[in-house]
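Residue numbers (our numbering): 2 to 109.
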């Protein structure tokens, strides 16, 4: 059975965003006795370092996946972000208040 182009793109995007678990190599020991759970992907490590909750991270990943699947074939510069993703940005995410205001006036 042949997979559709959209299905293949969605699968690749899920893997890139860390939504699909990577296959473990057979030689690795995966003992459940480990007390500390280490981040599995670079994205997970960055999420932990930035203090982003798993719920917000999951919501953003799903939104980006929907965008990527619906805009397949378009140039990356033309992606339109949903309002729910733009609302995640706060003034504290920018270097100073002027930069935040400039970004806000461009995007709102």
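Here a beta-carbon is modelled for each residue, glycine too, at the ideal position from N, C-alpha and C.
>> I need the straight-line Cα distance from residue 102 to residue 89, nearest angstrom please.
In response: 15 Å
> Counting along the chain, where does the alpha helix (DSSP H) carrying residue 71 start and finish?
Replying inline: Here the alpha helix (DSSP H) through residue 71 covers 55–71.
> Is DSSP giving residue 117 helix, strand or coil here?
Replying inline: The chain is shown from 2 up to 109; residue 117 falls before or after that span and cannot be answered.
> If we ignore side chains and look at the alpha-carbon of each, how far apart do residue 11 and residue 73 end up?
Replying inline: 9 Å
>> Is it buried or exposed, residue 63, if we count other Cβ atoms within 10 angstroms and call 16 or more buried?
In response: exposed
> So, helix, strand or coil for residue 52, using DSSP?
Replying inline: coil
>> Within a Cβ cutoff of 6 Å, which residues of the same chain sit near residue 14, ignoring the five residues on either side of it in sequence?
In response: 66, 69
> So which of 45, 7, 8, 9 has the shortest CA-CA distance to residue 18?
Replying inline: 45
>> With a threshold of 7 Å on Cβ separation, who are the neighbours of residue 61 within its own chain once the five nearest residues in sequence on each side are excluded?
In response: 86, 89
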